[in-house]
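Residue 318 in the numbering used here sits at position 320 of the sequence shown; the count goes up by one each step and never skips. Even for Gly, the Cβ is constructed at its ideal location relative to N, Cα and C. Read through the structure below, which is laid out as structure tokens, and then see the notes.
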Amino acid sequence: MTETTGNFDGLQLGSKKTILKTFCSLSKYPSLCLSQRCLSAMVIFSFWTPVAAEVCEELFSPIPPHAELALNGVEVFMNASGSHHQLRKLDLRLRAFIGATHTRGGVYMYSNQQGCDGGRLYYDGCSCIVVNGDMVAQGSQFSVKDVELVVAQIDLDAVASLRGSISSFQEQASCKPRVSSVAVPYKLCQSFNLQMSLSSPIKIQYHSPVEEIAYGPGCWLWDYLRRSGASGFLLPLSGGADSSSVAAIVGCMCQLVVKEIANGDEQVKADAIRIGHYTDGHFPTDSKEFAKRIFYTIFMGSENSSDATRTRAKVLADEIGSWHLDVSIDGVVSSLLSLFQTLTGKRPRYKVDGGSNIENLGLQNIQARIRMVLAFMLASLLPWVHNKPGFYLVLGSSNVDEGLRGYLTKYDCSAADINPIGSISKQDLRTFLKWAAIHLGYSSLAEVEAAPPTAELEPIRSDYSQLDEVDMGMTYEELSVYGRMRKIFRCGPVSMFKNLCYRWGAKLTPAEVADKVKHFFKYYSINRHKMTVLTPSYHAESYSPEDNRFDLRQFLYNARWPYQFRKIDEFVDNLNGDKVTITNQENADVTSNGGMGVVAAGSGNPRAGF
């Protein structure tokens, strides 16, 4: 393409410096050049009011286009956005255009995609209209609808009135060169009419983080299911917090679908009839009945499983309505161990039975990987057993903290088709379970949340019971802090050590902080290779370690970190092992959006970094 100033069959774009640049290519139809019109990418003048548009990312740029456009008299801004969901992110988005119109005046019409766009992201809608900093119309953030329309009746005189009352606005506007524009013979405004009432400011509706965990992944799963050609989901349900959270999200999805059908949405109804294989005019009217048609859960127990987890899995499955199975994998494990003994002449033992750590880990991995094979076998064959067409999607249930630490077996039952909680922290999931026990009607989740997290891959003894946090050598709360510091605030071992001395300095010595940081980075680097095959997960946290898009990093590290760990040791020696004389930051109320620097990441505030 070439730049030209002559007649052409092409397009003219307005640059940010208000200079029209013309790009063209030779036309097969020169006659069309005679009716050519220039199109400005900056401002469109309709009758009575100028209108302009900006795209999603421009709203968050250091000098957004609407700032200059407002000074050029533009009163209506349109933004056709593609902003994806993250927990606690909506307020950041809304504050951007509320603040833009509050200080400059104007009407901001914001539309956003809604639904799964074929990948890990869910676009969370919330299309809205803002006038002079006041919300006058707001769409839903989470919905299974295909289309949603947001409408408001506004008075453009209010924009002119506000701008006329701000002397600094008038002064700056008078110094601005005019922005290139094009006139369009279209009338946006109507004459004064009492039959058309103006839209009044409304209270902004926000979902709590636990509601976001329920509705965001729930809507994402529905979009994935209806577009994938699958007939439902299969979930290995262990009775623990993670798999129970996934089961509750699927149950929430079923409730959303049935509710939307009751509201008269024919598209949702048609999809549900097709997926659930309803006939003779029947359609879903009860979420438990619908779940029975599209959701299998399976408890794959072993000699190391407790009766408590088996019971919790069964009770939760009954509350949701899933088709539940209970099987034992001991026979398969025994066969594999016998094969190994035939090949090597040795039989591994658990640690509690006198085995080494290598034997202990190997025995745990065998159980985990058998569960993956069994899950995929059942997902492909159970529809055939029940005379149903299609296949089932296997759901994974590893959380973001386990992925970051690598506390999962490669190709175990965390290896699935999709994972709705793969970028959600354990702390948020436990809070979600408490909420879901009440608001989703699955009361058994309260007992699940209260139980200590355990993989149940080792034998239970009177003096020993396997616990996740003991195995990992760190708590889930600590993992959340490490995750935010590493990703959001770009900390390596040395900078993380420095800032955690502020965070934990009142209760830990620098040497103790150093040990924790070294332990984390050792296992993070050893297990980073697992992220290359991590099950595609719903994106919910900005510190997600998945390396598909949001954390593109190497997967081979020097796990000894010789330079970084040596520098940490030098800092510890200089501090002489004394505790840091600083006010304890443990319970500090940090509401900053990250302006405090890295310390904000260690504050415990989940909004740090926004």
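- Contact holds between the region 134 to 150 and the region 191 to 207, because three or more Cβ pairs, one in each stretch, are under 8 Å apart.
- When secondary structure is reduced to three states using DSSP, residue 185 falls in the strand class.
- Scanning 66, 48, 456, 317 for the CA closest to the CA of residue 183 turns up 48.
- The beta-carbon distance between residue 451 and residue 465, rounded to whole angstroms, is 7 Å. This is short enough to meet the 8 Å contact definition.
- Residue 447 sits buried, since 16 or more C-beta atoms from the chains shown fall within 10 Å of its C-beta.
- Between residue 200 and residue 134, the C-beta spacing is below 9 Å.
- For residue 300, same chain residues with a beta-carbon under 6 Å away, outside a window of 5 residues either side, are 327, 328, 365 in chain order.
- It is roughly 49 Å from the alpha-carbon of residue 330 to the alpha-carbon of residue 496.
- In this chain, residue 461 is not harboured by any beta strand (DSSP E), its DSSP state being neither H nor E.
- Distance check between residue 175 and each of 568, 458, 71 places 71 closest, using alpha-carbon atoms only.
- Looking at the DSSP output, residue 387 shares a beta bridge with no other residue.
- Scanning its chain for C-beta atoms nearer than 6 Å, with the 5 sequence neighbours on each side dropped, one finds around residue 286 the residues 319, in chain order.
- 242 is the residue among 55, 82, 242, 96 whose C-alpha sits nearest the C-alpha of residue 417.
- Looking at 440, 369, 563, the one whose alpha-carbon comes closest to that of residue 408 is 369.
- Per DSSP, the continuous beta strand (DSSP E) segment holding residue 231 begins and ends at 230 to 234.
- For a cut-off of 8 Å, the C-beta gap from residue 81 to residue 106 is around 14 Å, too long to register as a contact.
- The beta carbon of residue 65 is closer than 6 Å to none in its chain, skipping five residues each way along the sequence.
- Spanning the alpha carbons of residue 573 and residue 518 requires a straight line of approximately 22 Å.
- Pairing residue 131 with residue 155, the inter-Cα distance amounts to about 15 Å.
- When the Cα atoms are used, residue 240 and residue 535 turn out to be separated by approximately 14 Å.
- A residue is called buried when at least 16 other Cβ atoms come within 10 angstroms of its Cβ; residue 251 meets this threshold and is buried.
- At the C-beta level, residue 421 and residue 260 stay beyond 9 Å of one another.
- Taking the Cα positions, residue 113 is about 31 Å away from residue 297.
- Assignment of residue 82 by DSSP, reduced to helix, strand and coil, places it in the strand class.
- Exclusion of the five residues before and after residue 67 leaves 50 as the residues of its chain whose Cβ lies within less than 6 Å of its Cβ.
- About 17 Å separates the CB atoms of residue 128 and residue 167; that is not less than 8 Å, and the two are not in contact.
- Counting C-beta pairs with one atom in each stretch, the region 387 to 404 and the region 476 to 489 have three or more that are closer than 8 Å, which means they touch.
- Taking C-beta atoms as the reference points, residue 104 and residue 74 count as a pair closer than 9 Å.
- Looking at 386, 392, 362, the one whose alpha-carbon comes closest to that of residue 371 is 392.
- Residue 493 sits in a helix when the DSSP states are folded into three classes.
- At the C-beta level, residue 332 and residue 454 stay beyond 9 Å of one another.
- In this structure, the beta-carbon distance from residue 271 to residue 230 does not fall below 9 Å.
- The three-state secondary structure of residue 559, taken from DSSP, is coil.
- Out of 343, 380, 335, the CA that lies nearest to the CA of residue 358 is found in 335.
- Apart from the 5 residues on each side of it in sequence, residue 378 sits with its Cβ closer than 7 Å to the Cβ of 389 in its chain, given in chain order.
- Residue environment for residue 530: exposed (fewer than 16 other C-beta atoms within 10 angstroms of its C-beta).
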